[in-house]
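Step one of this worksheet: look at the structure below.
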Amino acid sequence: MKGDKKVMKYKQATMAIHGDESNKGKSEPVTIPIYQSSTYIFPDTDAMEGYMSRGEKKQHVYVRYGNPAQDQLNKRLALLECTEDALVYSSGMAAITTAVLSVLRKGDELLAIATLYGQALNFLTEALPEQYGIGSRFIQLDELDNLEAHVTERTKLLYLESPTNPNLQIVDIPKVVEQARRMGLKTMMDNTFATPINQQPISLGIDYVIHSATKYLGGHSDILAGVTAGPKDFIHECDERMHMYGPTLDPFATFLMLRSLKTLEVRIHRQNENAMKLALFFKQHPKVKKIYYPGLPDDPFHEIAKKQMRGFGGIVAIELEGGKKEAMHFVDQLDMCLNATSLGGVETLVSIPVISSHVWQTEEELELAKITPQMVRFSVGLEDAEDIIADCEQALNRI
0 MKGDKKVMKY KQATMAIHGD ESNKGKSEPV TIPIYQSSTY IFPDTDAMEG YMSRGEKKQH
60 VYVRYGNPAQ DQLNKRLALL ECTEDALVYS SGMAAITTAV LSVLRKGDEL LAIATLYGQA
120 LNFLTEALPE QYGIGSRFIQ LDELDNLEAH VTERTKLLYL ESPTNPNLQI VDIPKVVEQA
180 RRMGLKTMMD NTFATPINQQ PISLGIDYVI HSATKYLGGH SDILAGVTAG PKDFIHECDE
240 RMHMYGPTLD PFATFLMLRS LKTLEVRIHR QNENAMKLAL FFKQHPKVKK IYYPGLPDDP
300 FHEIAKKQMR GFGGIVAIEL EGGKKEAMHF VDQLDMCLNA TSLGGVETLV SIPVISSHVW
360 QTEEELELAK ITPQMVRFSV GLEDAEDIIA DCEQALNRI
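Under numbering that gives the first Met the number 0, the very last position in the sequence shown is 398; numbers go up by exactly one each time.
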């Protein structure tokens, strides 16, 4: 992996479970408890005046400003992303919107790749220019090779996903970062699909990282959460806006996130393995027209992914022979694999992007993003790979 890295006391799996502090000699719970309190007691009025008037942040005051469990969660997420600080939110979209608005101001412009999560694309194309006076422009992935041709005096931020949703295109991160820095641009990457187990964008030069923690970081399809990670000054800006807008992660979801991080590495490794096996199965099936998975040696993004990722992820996308009708019929024939939106859980979920994650996009936007009607996206779970493949095989044989 390229880029400077902080020297960590422990490996990632250990930090996800313990953080980077020793508990030797302490008497405290093994599991961080749920702090189910909306407010906190001040020891005296001078302490309250110090917090409110003098900015002496020595204690917790109100749940919108965090609690002890969130402090630990933020710290562990920063450790996993190899950066100074992190902040959790009540959803992935809360993280995206807060992060972008913490970097840009009225009159600025954002440049992004055209292949993005559908609701993020809606925010960037509609709300950002119409409500905040911030411009947004979109380019194809191959146009990142000549970034300078697309940057104006107003451009301040380059927004990326890698791998992209849903067609798993890979950004050559060090190459793009080098150009962006030369032009004075900040870079922001959605790392949801990769997770910090498979990829650490900040170690590769990216300035700010976002996650929909609802997905792999949560991992059990039972919470809604988001994360931003980056330098302390960026997280401070995000924190100030979160205090104002209020998308705070609730105490129980915080507890569940801390629980989920303990199994993050083993889950990701199993999902990487299962996804590769499923991709290899699809590769030899005559009813599968195209496979999108950067782990396959003949995938156009394989070499870039191999250079900057430690694993290729748990998402596999395919295009079936035919059109949307055939894709819908295939999904309806699946038995064990679940027809559901979202991704990253222990269950294998399957969806058709044009009627789910990207249903809001116009035909022109879908074409720019290279998303087709016959595309089916699999979020591969932790089931036995033979069972996942057998379910897909019987469904394919019925279309």
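Note that CB positions come from ideal geometry on N, CA and C, so glycine has one too.
{"query": "Quick one: which unbroken alpha helix (DSSP H) runs of 4-plus residues sit fully inside the segment 30-115? Chain order, please.", "result": "44-51, 67-79 and 91-102"}
{"query": "Tell me where the beta strand (DSSP E) around Val-375 begins and ends.", "result": "374-378"}
{"query": "Within 8 Å, do at least three Cβ pairs link the segment 42-60 to the segment 87-100?", "result": "no"}
{"query": "Quick check: the Cα distance between Val-147 and Asn-166, rounded to an integer number of angstroms?", "result": "According to the sequence shown, residue 147 is Glu rather than Val. If you take the alpha carbons of Glu-147 and Asn-166, they lie about 25 Å apart."}
{"query": "From the DSSP output, read off the bridge partner residues of Ala-228.", "result": "Ala-85 and Val-208"}
{"query": "Could you give the distance in angstroms between the alpha-carbon of Asp-3 and the alpha-carbon of Leu-337?", "result": "Bear in mind that the predicted position of Asp-3 carries a pLDDT of just 45, short of 50, making it too unreliable to give a figure here."}
{"query": "Does DSSP put Asn-338 in a helix, a strand or coil?", "result": "strand"}
{"query": "If you drop the 5 nearest sequence neighbours on each side, which residues of the same chain put their C-beta closer than 6 Å to that of Ala-384?", "result": "Asn-273 and Lys-276"}
{"query": "Which residues share a DSSP beta bridge with Phe-192?", "result": "DSSP, once it has assigned bridges, lists no residue as partnering Phe-192."}
{"query": "For my contact list, Pro-250 and Asn-73 are in at a C-beta cut-off of 8 Å; report their separation, rounded to the angstrom.", "result": "Their Cβ separation, rounded to whole angstroms, is 14 Å, which puts Pro-250 and Asn-73 out of contact at 8 Å."}
{"query": "If you follow the alpha helix (DSSP H) that Ala-252 is part of, which residue opens it and which one closes it?", "result": "250-260"}
{"query": "With the cut-off set at 8 Å, would you say Thr-209 and Thr-227 are in Cβ contact?", "result": "For the sequence presented, residue 209 should be read as Ile rather than Thr. Cβ atoms of Ile-209 and Thr-227: closer than 8 Å."}
{"query": "Over what stretch of residues does the beta strand (DSSP E) that includes Glu-318 continue unbroken?", "result": "314-319"}
{"query": "To which residues does DSSP link Tyr-158 through a beta bridge?", "result": "Ala-111 and Met-187"}
{"query": "Helix, strand or coil: which one does DSSP assign to Val-287?", "result": "strand"}
{"query": "Could you tell me the alpha carbon to alpha carbon distance between Thr-97 and Glu-236, rounded to whole angstroms?", "result": "9 Å"}
{"query": "Since Val-349 is in the beta strand (DSSP E), which residue starts that stretch and which ends it?", "result": "348-350"}
{"query": "Taking the Cβ atom as the reference point for each residue, do Val-405 and Ser-161 lie within a distance shorter than 8 Å?", "result": "A question about residue 405 goes unanswered here, because the residues of the chain that appear run from 0 up to 398."}
{"query": "Between Lys-286 and Ile-370, which are expected to be in contact by the criterion C-beta below 8 Å, what is the C-beta distance as a whole number of angstroms?", "result": "At roughly 20 Å, the Cβ-Cβ gap does not stay under 8 Å, so Lys-286 and Ile-370 are not in contact."}
{"query": "How about Tyr-131 and Leu-100: do their beta carbons lie closer than 8 Å?", "result": "yes"}
{"query": "For Lys-4, does the three-state DSSP call read helix, strand or coil?", "result": "With a pLDDT of only 49 at Lys-4, under 50, the local geometry of the prediction cannot be trusted, and no value is derived from it."}
{"query": "Considering only the beta carbon of each residue, do Val-345 and Gly-380 sit closer than 8 Å?", "result": "yes"}
{"query": "Pick helix, strand or coil for Arg-180, following the three-state DSSP scheme.", "result": "helix"}
{"query": "Which residues does DSSP list as the beta-bridge partners of Ile-138?", "result": "Ile-112"}
{"query": "For Pro-42, count the other beta carbons within 10 Å of its own beta carbon; 16 or more makes it buried, fewer makes it exposed. Which is it?", "result": "exposed"}
{"query": "For the segment 132-145 against the segment 102-120, are there 3 or more C-beta pairs whose distance is under 8 Å?", "result": "yes"}
{"query": "Nearest CA to the CA of Tyr-116: which residue from Gln-373, Ser-356, Thr-361 and Leu-365?", "result": "Ser-356"}
{"query": "Pick helix, strand or coil for Tyr-131, following the three-state DSSP scheme.", "result": "helix"}
{"query": "So, does the segment 249-266 touch the segment 3-22, judging by three or more C-beta pairs under 8 Å?", "result": "yes"}
{"query": "Is it buried or exposed, Arg-53, if we count other Cβ atoms within 10 angstroms and call 16 or more buried?", "result": "exposed"}
{"query": "What would DSSP say about Glu-125, mapped onto helix, strand or coil?", "result": "helix"}
{"query": "Tell me which same chain residues have a C-beta within less than 7 Å of the C-beta of Leu-79, skipping the five on either side of it?", "result": "Gln-11, Met-14, Ala-15 and Pro-195"}
{"query": "Could you tell me whether the Cβ atoms of Gly-225 and Ile-201 are closer together than 8 Å?", "result": "no"}
{"query": "Return the residue from the list His-242, Gln-283, Glu-239 and His-219 that minimises the CA-CA distance to Ala-252.", "result": "His-219"}
{"query": "Which residue from Leu-248, Ala-77, Thr-191 and Thr-154 puts its Cα closest to that of Arg-180?", "result": "Thr-154"}
{"query": "Does the Cβ of Val-349 have 16 or more other Cβ atoms within 10 Å, making it buried, or fewer, making it exposed?", "result": "buried"}
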